[in-house]
Amino acid sequence: MTSRIALVTGATQGLGTALAAGLAQRLGAADTVYLTGRDAARVGAAAASLPAHPAEVRGEVLDVSDPESVAGLAAELERRHGGVDIVFSNAVMRVGPDDDPRAIIDDYAQVNDFGTTRVLRAFAPLTRDGGRLIVVASSLGTLTFLAPVLHRHFDGLPSLDAVDAATADWCDQVRDGRARAGAWPGFVNIPSKIAQVAAVRALAHERRESDAGRGILLAAACPGMMNTPTSALWWDVSDAPTPARAAVPLLSLALDPIKPDHYGELVRDGVVLPWRP
Numbered sequence: 121m122t123s124r125i126a127l128v129t130g131a132t133q134g135l136g137t138a139l140a141a142g143l144a145q146r147l148g149a150a151d152t153v154y155l156t157g158r159d160a161a162r163v164g165a166a167a168a169s170l171p172a173h174p175a176e177v178r179g180e181v182l183d184v185s186d187p188e189s190v191a192g193l194a195a196e197l198e199r200r201h202g203g204v205d206i207v208f209s210n211a212v213m214r215v216g217p218d219d220d221p222r223a224i225i226d227d228y229a230q231v232n233d234f235g236t237t238r239v240l241r242a243f244a245p246l247t248r249d250g251g252r253l254i255v256v257a258s259s260l261g262t263l264t265f266l267a268p269v270l271h272r273h274f275d276g277l278p279s280l281d282a283v284d285a286a287t288a289d290w291c292d293q294v295r296d297g298r299a300r301a302g303a304w305p306g307f308v309n310i311p312s313k314i315a316q317v318a319a320v321r322a323l324a325h326e327r328r329e330s331d332a333g334r335g336i337l338l339a340a341a342c343p344g345m346m347n348t349p350t351s352a353l354w355w356d357v358s359d360a361p362t363p364a365r366a367a368v369p370l371l372s373l374a375l376d377p378i379k380p381d382h383y384g385e386l387v388r389d390g391v392v393l394p395w396r397p
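According to my numbering, the sequence shown is numbered sequentially starting from 121.
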C-alpha cells in the first residue's frame, strides 16, 4: 500500500496542532504528517510537543500568505512523494475585539482567504485517489449570516478566481469604510468564513465528477466553538471543548469512509450545514 501523506497548515497551536497530532496517531508507521507554520522555531516546538505516534511527523515552514511559499512546498511534496492524501487548510490570522478592521483587513484576508485559495490551487491537483481536501471554516460561513442584499457577492461563484475577486472587493469596501456604512457585518470573520466556504463550493463545481470517480472528498469543516485564548476574547468559552476534542469530527472526515453528501459542503459534527437560509 502506498504511504499516505498528510499536510496541516497553521499547525503550530490550537486546532492545527491537534489535527497534526490526531493524524500522526491514527496513521501508520509508513505514513508522514507535515506540520506546518510560518515560524520555524514554533514549527519545531509544535512537532516536538506531540505525544508518541506511529506516523512520521515532519515540520515544514509554510506561509500561506506568500504565493511562492505555497507553490514551493507543493512542488517539494510532489517531488518527494508524488502527491498528497490528506490536506487540512487550517491557517488563520485571528482578530480581536480591539482591532480596527480597516487596519488589519489586508493581512487578515491574505492568510484566511487568499491563503485558502492558494492552498486549494496548489494541492488539489496533487490529491491522490481516495484523498481528502478539507478547509477548516466555521458555521458562520453560510449565507444565513449575511444580509440578503449581499448574497449575490458569494453565491454561485464558478471558480476560485471569482471567489478571489469577490473577496478583494469586500476587502476594498472594508478598507475604505464602505462596508461599515453598508450592509456588511462588522465582524470580519463572517464574510471571511463565507468566502472560504464559497471557495470550496466553487472548486467542487469544477471537480465534482472527477473527484467522485476517484473517491476524493473536498469539503469545508466547522470545528465549533473551542476553549482557546483567542475565542475567550470574544465569548465565554469556559465550557467549550478543547482543540483536541474539537479535532475529532474533523479527523473523521479525513480518515473515515466518505459520505457523498458531504462533498462540496460545510460539515459540522458529520451534518451538512445549509449554504442558503
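A virtual CB, placed ideally from N, CA and C, is assigned to each residue, including glycine.
What are the start and end residues of the beta strand (DSSP E) that includes S209?
204-209
Mapping DSSP to helix, strand and coil, what is G344?
coil
Determine the contact status of G384 and R334, defining contact as a CB-CB distance below 8 angstroms.
no
Out of L375, A160, H271, R252, state which residue places its alpha-carbon closest to the alpha-carbon of A450.
The first residue shown for the chain is 121 and the last is 397, placing residue 450 beyond what the model contains.
Just to check my reading of the structure: V190 and V184 have Cβ atoms closer than 8 angstroms, yes? What is that Cβ distance to the nearest angstrom?
6 angstroms
Count the other CB atoms within 10 Å of the CB of P311; is the residue buried (16 or more) or exposed (fewer)?
buried
If we call anything under 8 angstroms between Cβ atoms a contact, is P363 one with A138?
yes
C-beta atoms of F307 and I254 nearer than 8 angstroms:
no
Inter-stretch contact (C-beta, 8 angstroms, three-pair minimum) for the stretch 295-305 and the stretch 262-275:
yes
CA-to-CA distance, G261 to R241, given in whole angstroms:
20 angstroms
In or out: A168 buried (at least 16 other Cβ within 10 Å) or exposed?
exposed
Cutting at 6 angstroms between CB atoms, please list the residues of its own chain near G164, excluding the five before and the five after it.
G179
Where are the beta strand (DSSP E) runs, 3 residues long or more, that stay fully inside the stretch 220-279, in chain order?
247-256
Using C-beta distances below 7 angstroms, list every residue in its chain close to P278, excluding the 5 sequence neighbours before and after it, in chain order.
A322, H325
Three or more C-beta pairs closer than 8 angstroms, one from the stretch 193-202 and one from the stretch 279-288: is that the case here?
no
V215 - DSSP class collapsed to helix/strand/coil:
coil
With 16 other Cβ atoms within 10 Å as the buried cut-off, status of D331:
buried
Using only CA atoms, which one of K313, L386, M213, L337 lies nearest to Y228?
M213
Delimiting residues of the beta strand (DSSP E) encompassing L155:
152-157
In or out: A288 buried (at least 16 other Cβ within 10 Å) or exposed?
exposed
Over the uninterrupted beta strand (DSSP E) stretch that includes V128, give me the two end residues.
125-128
Pull up the distance between the alpha-carbon of A315 and that of F274, whole angstroms please.
7 angstroms
Extent of the continuous alpha helix (DSSP H) to which V320 belongs:
309-334
Between the Cα of A211 and those of P187, V392, G344, V239, spot the shortest distance and give me the residue it belongs to.
V239
Give me, in chain order, the residues of the same chain whose beta-carbon lies closer than 8 angstroms to that of C291; leave out the 5 immediate sequence neighbours on both sides.
I225, D226, A229
Using the DSSP secondary-structure output, state which residues sit across from R388 in a beta bridge.
V391
Rounded separation between A374 and R222 - CA only:
36 angstroms
What residues match up with V177 in a beta bridge as DSSP calls it?
V153
Whole-angstrom distance between N309 and D220, CA atom to CA atom
13 angstroms
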